[in-house]
Structures are given as structure tokens and as C-alpha cells.
Amino acid sequence: MAGQSPLRRWKPFFAAFGLVDAAIEAADPALRRDAIRSARGEVVELLCGVPAGDAGKAEQLCVALDGFMAESLLTLLAVPAKKVRSVLESSADLAEAVGALRLQHQSARVRGLARDVARSWTAVAEGDVARAVERFDAVCGVNKAKAAPEASRRPSLDAKRESPEEEKRMEVTKRKLRDGYREAEDAKRQRKIQVIAAPKMVGQRRREMHPILRERSRARCGASTAVVRRSLVSSFNKV
């Protein structure tokens, strides 16, 4: 096709080579991609040197690049599941690049391999989620088992516990009883004090009485006694 770039098929996907190589080396540093990079670079140089009108040769070189990408995807697909996390963490753009190969590349083989890689990553991710859920359920199960005896004992305790209104009424009754006992004891103690203090107060009044008043009191008592005696004598005389 005259006037069309020989890199027409690979221009949108060429960056995927570097991302896939980095992911493979992140999964296993022993899988160095230096030789693959060198051979692929030679094909790219040849493709860039193809005359614009030599579409056949350009297509052959593009097919060779399809082969390099297929090999890279097969190597990426062989990465163990436990290393997939390292693969995905190698670049934030890796998943997007593989997704573009799966949906938009013209080679059916490249699309199929990219789809297989994406599915394997999805399976690993789902497995991680399932294991995380199992661990979570196991922890929750242990917590529920520990909480079950507490829950079984709680109704019996609640049954014995009285309602707030009943507790309040009981407290009021207890307080009234205590106040009644206290008033009764105070009244009894007060009566004892009054009984004991009465004779003392009488004697004290007598001692504290002024001498003149005390003499008058004695005189009145003497006069009263004399009157009584005269009355008795008069009565006897009449008889």
C-alpha cells in the first residue's frame, strides 16, 4: 500500500513489548530478555527500512513481530500463580497493554494469547479473594463461637434483672423504711433524754433559786403547814 507506514499494525502496540519483558523479568530475574530485545530490535530496523511501496516485505516483518509478541505472551502465561502479583506490580500500564492486545490486535493468535493471560490473572485474583474471604469467615466463626456462651448467659441475667421502674420503686421504699427507723430511734432517744433531764432540771432550779425567793418559798410552805394543823386541831375540838 503506497504512502502507508510499514509499522501501521504495530504502532499502537509497540510499547507492550517493553512492558511484557519487564513483567517476565520481575517474575523471575533469571529470565533475562536481552537476547529477545536484540533480535526484535533488528526486525524493527528492517521494517523501518522497507520502502513504502514494498507492502509484501513489510507484512512479512510484521508477522515476525507477531511471533515475538506470541513468544512473550506464552512466557508470561507460564509464570506461576504465586508470582502473578509481582508481574502485575511491575507496571501500572501492563494490564491495559494486554487488554489492548486482546481486543484490538490484528493477529488472532496474539489476541487469543492475550485473552488467556488476562483470564489467568483474573483466576489468580479471584483465588486470592476467595482465600481472603475464607480467612475472614474463619476469624468470624471463632469470634461467633466465643460470643455464643455470652449470648446464652445474657438472657438469664436479663430475666433476673428488674426493670428500671421497679428498681426505682424499690429504692424509694427502702429509703422510706430507713427514714422511718431513723425517726423512731430519734424519738426514743429524745424521750430518754427528757426523762433523765427532768429531775436534774428540778434540782438545778432549786439550787439556782435566789435566797430571798427560797426563804419565801419555805415561808409559804410553813404557813400552809400551820393552816393545815390549825384546821385539824379545830376539827378535833369540834368532835
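Numbered per UniProt numbering, the sequence shown spans residues 1 to 239.
Even for Gly, the Cβ is constructed at its ideal location relative to N, Cα and C.
With 16 or more other CB atoms across the displayed protein chains lying within 10 angstroms of its CB, F17 is buried. DSSP places L19 in the uninterrupted alpha helix (DSSP H) bounded by F14 to A27. The three-state secondary structure of D54, taken from DSSP, is coil.
Taking C-alpha positions only, G56 is separated from V124 by approximately 42 angstroms.
In this structure S107 is buried. Its beta-carbon is surrounded by 16 or more other beta-carbon atoms within 10 angstroms.
Each residue's CA atom was taken as its position, placing R178 and M170 some 12 angstroms apart. Annotated three-state conformation of Q106 is coil, per DSSP.
By the 16-neighbour rule on beta-carbons within 10 angstroms, L61 is buried. The region 98 to 105 makes no contact with the region 132 to 140, as fewer than three CB pairs between them are under 8 angstroms. Contact annotation: A81 and R102 have beta-carbon atoms that are not nearer than 8 angstroms. In chain order, A100, L101 and H105 place their CB closer than 7 angstroms to the CB of F13, counting only its own chain and leaving out the 5 sequence neighbours on each side. Taking all protein chains in view, the Cβ of V84 is crowded by 16 or more other Cβ atoms within 10 Å, so the residue is classified as buried.
A direct Cα-to-Cα measurement between R182 and E166 gives close to 24 angstroms.
Assigned with DSSP and collapsed to three states, K11 falls in coil, not helix or strand.
Taking 8 angstroms as the cut-off, the Cβ atoms of V87 and A30 do not count as close.
DSSP places V79 in the coil class of the three-state scheme, outside both helix and strand. In the three-state reduction of the DSSP assignment, R115 falls in the helix class. When the alpha-carbon of M69 is set against those of D93, W10, E42 and W121, the nearest one is in W10. In this structure, the alpha-carbon of A52 lies about 15 angstroms from that of V44. One thing to note: A26 has its Cβ no nearer than 8 angstroms to the Cβ of S72. Rounded to whole angstroms, I36 and E126 show a C-alpha spacing of 32 angstroms.
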